[in-house]
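So the protein lines, in turn, are chains A and B.
Take the first sequence: its position 193, counting from 1, is numbered 193 in this note's numbering, and each next residue is one higher.
Take the second sequence: its position 12, counting from 1, is numbered 424 in this note's numbering, and each next residue is one higher.
Presented below is the structure to which this report refers.
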Amino acid sequence: MNEAIALIALAASLTAAVARWRRAPDWAVAVAAAVVVVIVGALSLHGARTALGRLGPTVGFLAALLVLADGCRRAGVFDALGALMAFGSRRRPRRLMGVVFLAAATTTAVLSLDATIVLLTPIVFATAARLPTSPRPHVYACSHLANSASLLLPVSNLTNLLAFTACGVSFTRFAALMALPWLVAIAIEWVVLSRVFADDLRQAAEPAPAGEDATRPHLPAFALTVVALTLVGFGISSIVGVAPVWFAAAGAVALTLRRPPDSVGALVSAAEPTFLVFVLALGVVVTAAGVNGLSSVVDSVTPHGSSLLALLGVAAVSAVLANLVNNLPATLIIVAVVSASAPAGVLAMLIGVNVGPNLTYVGSLATLLWRRIVHAHDEDVDLGEFLKLGALTVPATLVAATAGLWLALQVF
Amino acid sequence: MRALIWITESSWQACVDQARALVPADADVTLLHVAASDVEYLAGHPGPGRLGRRRPPPPKGPSVREIGEAEAQALLERARTRLGRAAQLSARRGRIEREVLEAAEDCDLLVLARDGEPRREPKSVGHYARFVVDHAGCPVLLVWSEPPPGLDQMHWPPHLRRDT
Numbered sequence: 001m002n003e004a005i006a007l008i009a010l011a012a013s014l015t016a017a018v019a020r021w022r023r024a025p026d027w028a029v030a031v032a033a034a035v036v037v038v039i040v041g042a043l044s045l046h047g048a049r050t051a052l053g054r055l056g057p058t059v060g061f062l063a064a065l066l067v068l069a070d071g072c073r074r075a076g077v078f079d080a081l082g083a084l085m086a087f088g089s090r091r092r093p094r095r096l097m098g099v100v101f102l103a104a105a106t107t108t109a110v111l112s113l114d115a116t117i118v119l120l121t122p123i124v125f126a127t128a129a130r131l132p133t134s135p136r137p138h139v140y141a142c143s144h145l146a147n148s149a150s151l152l153l154p155v156s157n158l159t160n161l162l163a164f165t166a167c168g169v170s171f172t173r174f175a176a177l178m179a180l181p182w183l184v185a186i187a188i189e190w191v192v193l194s195r196v197f198a199d200d201l202r203q204a205a206e207p208a209p210a211g212e213d214a215t216r217p218h219l220p221a222f223a224l225t226v227v228a229l230t231l232v233g234f235g236i237s238s239i240v241g242v243a244p245v246w247f248a249a250a251g252a253v254a255l256t257l258r259r260p261p262d263s264v265g266a267l268v269s270a271a272e273p274t275f276l277v278f279v280l281a282l283g284v285v286v287t288a289a290g291v292n293g294l295s296s297v298v299d300s301v302t303p304h305g306s307s308l309l310a311l312l313g314v315a316a317v318s319a320v321l322a323n324l325v326n327n328l329p330a331t332l333i334i335v336a337v338v339s340a341s342a343p344a345g346v347l348a349m350l351i352g353v354n355v356g357p358n359l360t361y362v363g364s365l366a367t368l369l370w371r372r373i374v375h376a377h378d379e380d381v382d383l384g385e386f387l388k389l390g391a392l393t394v395p396a397t398l399v400a401a402t403a404g405l406w407l408a409l410q411v412f
Numbered sequence: 413m414r415a416l417i418w419i420t421e422s423s424w425q426a427c428v429d430q431a432r433a434l435v436p437a438d439a440d441v442t443l444l445h446v447a448a449s450d451v452e453y454l455a456g457h458p459g460p461g462r463l464g465r466r467r468p469p470p471p472k473g474p475s476v477r478e479i480g481e482a483e484a485q486a487l488l489e490r491a492r493t494r495l496g497r498a499a500q501l502s503a504r505r506g507r508i509e510r511e512v513l514e515a516a517e518d519c520d521l522l523v524l525a526r527d528g529e530p531r532r533e534p535k536s537v538g539h540y541a542r543f544v545v546d547h548a549g550c551p552v553l554l555v556w557s558e559p560p561p562g563l564d565q566m567h568w569p570p571h572l573r574r575d576t
């Protein structure tokens, strides 16, 4: 009985997150689901407290990162990046793709995939359209790199943050182990995207229209210095014995004080409080589903150990689960299972849940619901291209990046 | 005679230049640009891939859709200036091949540029132009976006090669 209730609670939370009902927002559904699993006894109150205590610092870290990225936006970092990309492209589409790759991979690694999707991609679209050149390769590059370039740092993806503690490694060791998989993933994206979009990228350079001078754009020095210092702080966190979250918070405070948002409400909404509540509640619901049988099911299909074959198996299972139920719950479910073989197993799982979502855009169950929502809004959108790109990049990236991780584990 | 000139960002100059030379002077000309809705969608909607996140904070500037529309209009107007004659402008958005075919349905001539490899081979027509050429109901004028290499540089299939 408890098994069924926990699974229904999980399904309800995920459905609400995808469907985005106005009357039943996802965070409210997830909180209600979390309360229900505790009331019916699918999870003890102590178990719920433990889950919340484990997730609390991660959610605080996420809030600081979201505020930091929003501070960068207010300081004009992304507009400056757009100008820099236009300047660096010298009006050639292939060069533009090169600088878009640099910008998207760096933004994702440093400021997380959310910054790339929400803040950088619209800028990239505008930059390409104004050149003018087909925005297609550049927008798809951002969209893909937001996932596949989120391997490098614990702050690059919420999945990394959720699994960071279970990894049991320092910030710098995490980066050292994931550097090769990250580079391999970006290289595969470059090879595939520049081939698939070769027609869009073939275009003679057009002289700049009169009145547009090609001067190097001005960069917001303060914000970039704060981000750089925050990164340095992450790097030395284990040496000085201060948790990385405090450096993220300091960076967020510095940017907020230097250029305060319009209102306190704007500051609060930059931290996406409803999303933070959703993550906490989802954590409780997934824990309930885990202790009621889901963990043992996942455990039985997940390989153990640190051999290359085992790591490939973990990455594959994680990628499949991320596509079935979305990468956030997939991480929460698998991390408990693979933490026994940390850090190798946890990092292989992260390759799966981070790269995997490029396969079906939103996860296959979500795609079903989402198609209905898109059609309801009368949008004639064909994501066949996305699926095709996913089929070309994801399997190759999973294998090559996991092999890179295995190699890095032998060295570091 | 109604002539439709389909321009894209990568080949609009060549397309307009050759249409100016080849389309009859008395033709009723329309310039067409199609914005791909999947690209606008990916750029403007985070999508439910970001589980549980709100929609992005409303940006101060114009939306992706507005930027796309403004740039399409600007490109069409530059094309009309280059064409140097009266022409209607049509900016559509959706799936590219379908929009072009629907726009060409009542036309007597469709002008478009090759969008593939700059060589004399099947790949010189990319997949959008290929679909449009294959399915258009009217005569099609398929122009090169840059001067093609000579016949001597063409890769002949074995059965067509001259014995030397």
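Note that beta-carbon positions come from the ideal geometry of N, C-alpha and C, so glycine has one too.
Treat the numbers as computed from the prediction; the structure is a model and nothing was measured.
- Cβ-Cβ separation between Ala330(A) and Val353(A): approximately 5 Å, consistent with a contact (criterion under 8 Å).
- Annotation: Gly53(A) to Leu45(A) spans about 12 Å, alpha carbon to alpha carbon.
- With a minimum length of 3 residues, the unbroken runs of beta strand (DSSP E) contained wholly in the region 416–452 of chain B fall at 440–448.
- Contact annotation for Ser143(A) against chain B: Leu454 [CB-CB distance below 7 Å, chain order].
- When only Cα atoms are considered, Arg532(B) and Val317(A) end up about 46 Å apart.
- Of the other Cβ atoms in all chains shown, 16 or more fall within 10 Å of the Cβ of Ile334(A); this residue is therefore buried.
- A straight line joining the alpha-carbon of Ser502(B) with that of His445(B) spans about 6 Å.
- The closest CA to that of Pro343(A), considering only Thr402(A), Ala396(A), Gly384(A), Val291(A), is found on Thr402(A).
- Per DSSP, the continuous beta strand (DSSP E) segment holding Arg504(B) begins and ends at 500–506.
- Taking the CA atoms as reference points, Gly233(A) sits about 59 Å from Val523(B).
- Each residue's CA atom was taken as its position, placing Ala408(A) and Ala266(A) some 42 Å apart.
- Chain B has no Cβ within less than 9 Å of the Cβ of Glu189(A).
- Listed in chain order, the positions of the region 191–203 of chain A with a beta carbon within less than 9 Å of a beta carbon of chain B are Ala198, Asp199, Asp200, Leu201, Arg202, Gln203.
- A direct Cα-to-Cα measurement between Val38(A) and Ala48(A) gives close to 7 Å.
- Interface residue (Cβ-Cβ distance to chain A less than 9 Å): Asp520(B) is not classified as such.
- Excluding its 5 nearest sequence neighbours in each direction, Pro220(A) has C-beta neighbours in its own chain below 7 Å: Ala75, Gly76, Val77, Ala80, listed in chain order.
- For Ala408(A), the three-state secondary structure derived from DSSP is helix.
- Between Ile417(B) and chain A, the shortest Cβ-Cβ separation is not below 9 Å.
- Where Leu224(A) is concerned, there is no enclosing beta strand (DSSP E), although the alpha helix (DSSP H) around it starts and stops at 221–240.
- The Cβ-Cβ distance between Gly538(B) and Gly549(B) does not fall below 9 Å.
- Membership of Leu120(A) in any beta strand (DSSP E) is not indicated, and neither H nor E is assigned to it by DSSP.
- Inclusion of Leu328(A) and Leu282(A) in the CB contact set at 9 Å is warranted, their separation being smaller than that value.
- For Pro303(A), not one C-beta of chain B is nearer than 9 Å to its own C-beta.
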